[in-house]
Amino acid sequence: MPPGRRRGTRGPAQDEAVSAAIEAAAFDELAAAGWRRLSMDTVARRAGVGKAALYRRWRSKEAMLLDLVARLVRREVPGVPDTGTLAGDVRGFLDLTVAQTADPRVVRIAVDLLGESVRNPALAESLRLAVLAPRREAAAAILWRAVERGELPAGLDPELGTDLLISPLLLRLLPGTPPVDGVYLDTLTTVIVAGLASATPSTSPARQTEPGHIHHGP
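Residues 1 to 218 in our numbering are what the sequence shown spells out, letter by letter.
Okay, here's the thing in structure tokens:
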């Protein structure tokens, strides 16, 4: 054993490997068993680590899952590149959303968490902050760029605008809905752009589009 290194200590590389194994195991277990049946024991067994490794990182199952989901969302919801047009930005946002939900585990997890949040207000609020808020901020940035280019009215209600961008593909996550293809995305892009362009500007200053914000005071 190298001098100065205590037996059993972990280096940064080993800690990163353990964290990656736990993250993968937690998502696999959540997709397979669901929020209610998942436990720290089952995640630890799937990851091949002791429960202590999990509790060193999170105080509870809820804290672990919300942290991992929030991290995944931050990693998977980059800002949509400025294509120079509203239609291009909208299609880019839709394409990113489709790519992020291509993994069947993501769909199963999303549906499970949405169902559980109906019964669990604390979970619903945590999901709103960790999952929906970053997506709405990305959508709001698209609207702001379009306002700056003169493609949309300055008083556009950002809540309405982000609903139009986000909701259709969230609906397509539900079981039994038709698959999303290029034709659907082309049509959806056209409908969203037309709807945004024809939207009546908000009369409330607190709900008018501002850069990087869904709500913005006067």
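Note that CB positions come from ideal geometry on N, CA and C, so glycine has one too.
Exercise. If you draw a straight line from the C-alpha of Val18 to the C-alpha of Leu38, how long is it?
Worked result: C-alpha of Val18 to C-alpha of Leu38: approximately 19 Å in a straight line.
For this session: Can you tell me which of the three DSSP states Trp144 falls into?
Result: helix
Problem set entry | Local Cβ density within 10 Å of Asp89, reported as buried at 16 or more and exposed below that | So Asp89 counts as buried.
Exercise. Which parts of the region 85-153 are runs of the alpha helix (DSSP H), unbroken and 4 residues or longer, counting only runs that do not cross its ends?
Worked result: 86-100, 104-119, 121-127 and 133-149
Exercise. DSSP on Ser39, reduced to helix/strand/coil?
Worked result: coil
For this session: Go ahead and label Pro104 buried or exposed: buried means 16 or more other beta carbons lie within 10 angstroms of its beta carbon, across all protein chains shown.
Result: exposed
For this session: Write down the C-beta distance between Leu66 and Ser117 rounded to the nearest angstrom, noting that I regard them as a contact closer than 8 Å.
Result: Their Cβ separation, rounded to whole angstroms, is 11 Å, which puts Leu66 and Ser117 out of contact at 8 Å.
Problem set entry | Alpha carbon of Ala32 to alpha carbon of Arg71, nearest angstrom | Distance between the alpha carbons of Ala32 and Arg71 is about 20 Å.
For this session: Find out if the Cβ-Cβ distance for the pair Ala47, Ala21 is shorter than 8 Å.
Result: In this structure, Ala21 lies closer than 8 Å to Ala47 by Cβ.
Problem set entry | DSSP three-state assignment for Ala17, whether helix, strand or coil | helix
Exercise. What number of angstroms, rounded off, separates the C-alpha of Arg189 from the C-alpha of Arg91?
Worked result: Note on residue identity: the sequence assigns Thr, not Arg, to residue 189. Cα to Cα, Thr189 sits roughly 6 Å from Arg91.
For this session: Measure the C-alpha to C-alpha separation of Gln14 and Pro178 and round it to an integer number of angstroms.
Result: 43 Å
For this session: Enumerate in chain order the residues of its own chain whose CB-to-CB distance from Thr187 is below 7 Å, with the five nearest sequence positions on each side excluded.
Result: none
For this session: Can you give me the Cβ contacts of Val111 inside the same chain, cut-off strictly under 8 Å, excluding the 5 residues immediately before and after it?
Result: Leu173, Leu174 and Pro175
For this session: Report yes if the C-beta distance between Leu169 and Leu94 is below 8 Å; otherwise report no.
Result: yes
Problem set entry | C-alpha gap between His216 and Asp41, whole angstroms | Because the pLDDT at His216 is just 38, under 50, the model does not fix this residue reliably, and the value given afterwards should be weighed accordingly. Approximately 44 Å between the Cα atoms of the pair.
For this session: Label Arg145 either buried or exposed according to how many other C-beta atoms from any shown protein chain fall within 10 Å of its C-beta, with 16 as the threshold for buried.
Result: buried
Exercise. Taking DSSP as the reference, what is the three-state secondary structure of Leu160?
Worked result: helix
Problem set entry | Residue range of the unbroken alpha helix (DSSP H) whose run includes Val49 | Neither: Val49 is in no alpha helix (DSSP H) and is coded neither H nor E.
Exercise. By the 10 Å Cβ neighbour count, where 16 or more other Cβ atoms means buried, how is Asp82 classified, buried or exposed?
Worked result: Label assigned to Asp82: exposed.
Problem set entry | Close beta carbons around Arg98, own chain, < 8 Å, minus the five adjacent residues each side | According to the sequence as given, residue 98 is Val; it is not Arg. Same-chain partners within the cutoff: Leu169, Val180 and Leu185.
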